[in-house]
Amino acid sequence: MPALTENPTENPTGKTKPAKAPEVTEGRRNRRGPLASFGLHLGLLTAVIVAVFPPLWLLVTSFKPKSDAFSLDLVKNFTFANYDHVLRDSHFLDWFGNSVIVVMGTTVLGVFIASTTGYALSRFRFPGMRPLMWTLLITQMFPMAVLIVPLYNLMAKFGLLNQPVGLIITYLTIAVPFCAWMMKGFFDTIPVSIDESGRVDGLSPFGTFWRLIMPLAKPGLAVTGFYTFVTAWAEVAYATAFMTGEENLTLAGGLQTFVNQYSADWGSMTAAAVIIAVPAALVFGFAQRYLVSGMTAGAVKS
Amino acid sequence: MAETIQSAAKAADGEHPTGAAARGPGRVTTGENKTPGPFRRALATYWYAWAMIAPVAIVIAVIVGYPLTRGVYLSLTNANEANVERTIGINTIEATYEFIGLDNYTAILTDSVFWDRLGWTVLWTVGCVSVTFLLGLTLANMLNRKVRGRALYRIALILPWGIPAFVSVFAWRLLFNERNGLFNSVLSGGGIEGIVWLGDPFWAKVSVIAVNVWLGVPFMLVATLGALQSIPGELYEAAEMDGANAWQRFRNITLPGIRSVSSTVILLSTIWTFNMFPVIYLLTRGGPGDSSEILVTYAFRVAFLNSPRDFATSAAWGVIILVLLSLFAVAYRRVLRKQGEVW
Numbered sequence: 005m006p007a008l009t010e011n012p013t014e015n016p017t018g019k020t021k022p023a024k025a026p027e028v029t030e031g032r033r034n035r036r037g038p039l040a041s042f043g044l045h046l047g048l049l050t051a052v053i054v055a056v057f058p059p060l061w062l063l064v065t066s067f068k069p070k071s072d073a074f075s076l077d078l079v080k081n082f083t084f085a086n087y088d089h090v091l092r093d094s095h096f097l098d099w100f101g102n103s104v105i106v107v108m109g110t111t112v113l114g115v116f117i118a119s120t121t122g123y124a125l126s127r128f129r130f131p132g133m134r135p136l137m138w139t140l141l142i143t144q145m146f147p148m149a150v151l152i153v154p155l156y157n158l159m160a161k162f163g164l165l166n167q168p169v170g171l172i173i174t175y176l177t178i179a180v181p182f183c184a185w186m187m188k189g190f191f192d193t194i195p196v197s198i199d200e201s202g203r204v205d206g207l208s209p210f211g212t213f214w215r216l217i218m219p220l221a222k223p224g225l226a227v228t229g230f231y232t233f234v235t236a237w238a239e240v241a242y243a244t245a246f247m248t249g250e251e252n253l254t255l256a257g258g259l260q261t262f263v264n265q266y267s268a269d270w271g272s273m274t275a276a277a278v279i280i281a282v283p284a285a286l287v288f289g290f291a292q293r294y295l296v297s298g299m300t301a302g303a304v305k306s
Numbered sequence: 092m093a094e095t096i097q098s099a100a101k102a103a104d105g106e107h108p109t110g111a112a113a114r115g116p117g118r119v120t121t122g123e124n125k126t127p128g129p130f131r132r133a134l135a136t137y138w139y140a141w142a143m144i145a146p147v148a149i150v151i152a153v154i155v156g157y158p159l160t161r162g163v164y165l166s167l168t169n170a171n172e173a174n175v176e177r178t179i180g181i182n183t184i185e186a187t188y189e190f191i192g193l194d195n196y197t198a199i200l201t202d203s204v205f206w207d208r209l210g211w212t213v214l215w216t217v218g219c220v221s222v223t224f225l226l227g228l229t230l231a232n233m234l235n236r237k238v239r240g241r242a243l244y245r246i247a248l249i250l251p252w253g254i255p256a257f258v259s260v261f262a263w264r265l266l267f268n269e270r271n272g273l274f275n276s277v278l279s280g281g282g283i284e285g286i287v288w289l290g291d292p293f294w295a296k297v298s299v300i301a302v303n304v305w306l307g308v309p310f311m312l313v314a315t316l317g318a319l320q321s322i323p324g325e326l327y328e329a330a331e332m333d334g335a336n337a338w339q340r341f342r343n344i345t346l347p348g349i350r351s352v353s354s355t356v357i358l359l360s361t362i363w364t365f366n367m368f369p370v371i372y373l374l375t376r377g378g379p380g381d382s383s384e385i386l387v388t389y390a391f392r393v394a395f396l397n398s399p400r401d402f403a404t405s406a407a408w409g410v411i412i413l414v415l416l417s418l419f420a421v422a423y424r425r426v427l428r429k430q431g432e433v434w
């Protein structure tokens, strides 16, 4: 159970940590022989190749003509035909649009309601607090399998199947508990004295939260927003079950249509995959440092 | 758990945005408020906290609590595609499914399909988590030294994490392709007959585990690296002075030092792997046959791929999965607590 009164002292954005590391290990490097150094680099290089190769191969394949999809050459006949085909002749842009709507809706709603809850959990002691924290924790481990059937029937009843709104509501079940938990961790690192001075100056609890604390919690908001973005962008099961019909799919469902039991259009699949993956990877590259420390701060302090 | 959801809902019920403002401290509006009851006093003290958690409490109650209750109820019925409420044109056909008690559960638990799937799911989870953790910890240890190009290595190693899992899985399908995939071309180039990676029960299992490990290592790497960096270097220096060798330093300083982080990430990744849907669904569809089907993908299959769709059985599978996970989490926590973790 979370230590409710504990205020984590460490900085959850972890900005200072990586800088500290070299001096920690400085003394040991000098004593490493050339052989050990070679082994270290060899091990790391192998790991890097394994990590980078599959996406790289996807990228390479996407520039090959369809007939060459499985050739072993790096690009011999460079072409954009696959991209052209995906963007013009498939429903890719529909899927992209659907995914963007779903992701935006989930992120904005999820982050907003999670941050008020995180704030309340961080600052106030109130009846119902412990049960709420437990609920948030337990909800995080709900398997998709236990909710998917009732949610499906519920969506069918209200005509929300094939509607982005249906997926937004569904994804809130995944995003909100975890985001609230992470936001609590972030608010815990903001000194209570700021709240107190706000109250002394006559702000209401909501005013304090909105005008003083939210601006300070921007890194936290970015991390939770990013987490929600990634979750909604990459979710497969609900998207597959709730969205049918070519133009209603999200990217996760759409990509499956290129390579299924009836057709195997590897060229289009790779091009679509690259268009999906590159923006996600870029955003991730910028956010990963904060994401990691934010997640572990939330998780480890629980 | 149902209890906690109720309490959260209760907390939400106690919140009346407009009325609550008037009941704030020092705003006695009616005469009968001279001696407020305990509930009213609590409301006056806590209304703002409750107002802030209300959205989440409502969200959880409506889209987690209600479906959960309904899922448990469905698992006790014989609901399927043919007898649930449905709309055809403008006509709504009433639901005709019936309450059948625990029949679904006895049917599942007495069927070898469940026990086979459970066995493989456990193997899959243990295999994935242990390999992922070992690889992640090893790489983190390598990166925690002063190495030329450290930052570059780090970025390249966490790249798989930045790509949506469903995209990566398709990249692997390209490599695994039995006729012309890169792996088989390389094998046949070396004079070895290609392996039907995703079409052979054994190799399909190896493949799904490999892909899931590939997907999971970056998170482990980053989490353990963070933990390693928080261990003060003086501890190692002191240990070296005392003549401790590398293995002793690892056992007595590193492992205890990363304990709280590693116990958390192992718990998380166990739960995630147990429920890992996209890897298996997109890579093998649970096949060949049902050899790589885990519990979660099977529950999905029953409700959404098989015909007729059997909602009740799927719901029962879902409940069983939830119970298994809860038991695991409780047991895990108990073990940790015995070892003196404050968690």
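Residue numbers (our numbering), protein chains in the order written: chain A, 5 to 306; chain B, 92 to 434. In this text, a Cβ means the ideal position worked out from N, Cα and C, and glycines have one as well.
Counted within 10 angstroms of its Cβ, other Cβ atoms place residue i as buried (16 or more) or exposed
{"i": "residue 271 of chain A", "result": "buried"}
{"i": "residue 337 of chain B", "result": "exposed"}
{"i": "residue 280 of chain A", "result": "buried"}
{"i": "residue 266 of chain A", "result": "exposed"}
{"i": "residue 332 of chain B", "result": "exposed"}
{"i": "residue 31 of chain A", "result": "Since pLDDT at residue 31 of chain A reaches only 46, below the 50 mark, its modelled position is unreliable, and no value is offered."}
{"i": "residue 209 of chain A", "result": "buried"}
{"i": "residue 257 of chain A", "result": "buried"}
{"i": "residue 196 of chain A", "result": "exposed"}
{"i": "residue 183 of chain B", "result": "exposed"}
is_contact[residue i, chain A] using C-beta, thresh 8 Å
{"i": "residue 139 of chain B", "result": "yes"}
{"i": "residue 298 of chain B", "result": "no"}
{"i": "residue 338 of chain B", "result": "no"}
{"i": "residue 132 of chain B", "result": "no"}
{"i": "residue 221 of chain B", "result": "no"}
{"i": "residue 279 of chain B", "result": "no"}
{"i": "residue 162 of chain B", "result": "yes"}
Best match in the options for proximity to residue i [C-alpha to C-alpha]
{"i": "residue 108 of chain A", "options": "A:171, A:129, A:134 and A:65", "result": "A:171"}
{"i": "residue 249 of chain B", "options": "A:69, A:55 and A:146", "result": "A:55"}
{"i": "residue 258 of chain B", "options": "A:38, A:252, A:283 and A:37", "result": "A:283"}
{"i": "residue 228 of chain B", "options": "B:333, B:316, B:331 and B:362", "result": "B:316"}
{"i": "residue 197 of chain B", "options": "B:420, B:418, B:341 and B:404", "result": "B:404"}
{"i": "residue 114 of chain A", "options": "B:363, B:147 and B:260", "result": "B:147"}
{"i": "residue 280 of chain B", "options": "B:271, B:288 and B:334", "result": "B:271"}
{"i": "residue 296 of chain B", "options": "B:175, B:185 and B:374", "result": "B:374"}
{"i": "residue 386 of chain B", "options": "B:166, B:367, B:170 and B:224", "result": "B:367"}
{"i": "residue 393 of chain B", "options": "A:201, A:245 and A:294", "result": "A:245"}
{"i": "residue 106 of chain A", "options": "A:37, A:46, A:83 and A:232", "result": "A:232"}
{"i": "residue 155 of chain A", "options": "B:155, B:304 and B:289", "result": "B:155"}
{"i": "residue 110 of chain A", "options": "A:287, A:198 and A:183", "result": "A:183"}
{"i": "residue 232 of chain B", "options": "A:236, A:288 and A:48", "result": "A:48"}
{"i": "residue 140 of chain A", "options": "B:383, B:152, B:311 and B:342", "result": "B:152"}
{"i": "residue 57 of chain A", "options": "B:302, B:342, B:242 and B:224", "result": "B:302"}
{"i": "residue 66 of chain A", "options": "A:158, A:86, A:126 and A:164", "result": "A:86"}
{"i": "residue 289 of chain A", "options": "B:376, B:130, B:309 and B:372", "result": "B:309"}
{"i": "residue 347 of chain B", "options": "B:203, B:234 and B:430", "result": "B:430"}
{"i": "residue 294 of chain B", "options": "B:275, B:188 and B:230", "result": "B:275"}
Closer than 8 Å to chain B by CB, residue i
{"i": "residue 117 of chain A", "result": "yes"}
{"i": "residue 68 of chain A", "result": "no"}
{"i": "residue 152 of chain A", "result": "yes"}
{"i": "residue 51 of chain A", "result": "yes"}
{"i": "residue 158 of chain A", "result": "yes"}
{"i": "residue 231 of chain A", "result": "no"}
{"i": "residue 161 of chain A", "result": "yes"}
{"i": "residue 285 of chain A", "result": "yes"}
N-terminal and C-terminal residue of the alpha helix (DSSP H) that residue i is part of
{"i": "residue 412 of chain B", "result": "402-429"}
{"i": "residue 223 of chain B", "result": "203-234"}
{"i": "residue 143 of chain A", "result": "133-143"}
{"i": "residue 86 of chain A", "result": "85-93"}
{"i": "residue 121 of chain A", "result": "96-127"}
{"i": "residue 183 of chain B", "result": "It is not in any alpha helix (DSSP H) - residue 183 of chain B instead sits in the beta strand (DSSP E) that spans 182-184."}
{"i": "residue 364 of chain B", "result": "350-365"}
{"i": "residue 58 of chain A", "result": "38-66"}
{"i": "residue 214 of chain A", "result": "That residue, residue 214 of chain A, is in no alpha helix (DSSP H); it is neither H nor E in DSSP."}
{"i": "residue 180 of chain A", "result": "168-192"}
Beta-ladder partner(s) of residue i, from DSSP
{"i": "residue 190 of chain B", "result": "B:168"}
{"i": "residue 263 of chain A", "result": "A:268"}
At a Cβ cut of 7 Å, what residues of the region 122-142 of chain A count as close to chain D, listed as they run along the chain? Looking at the structure shown, chain D is missing, and the protein chains on hand are A and B.
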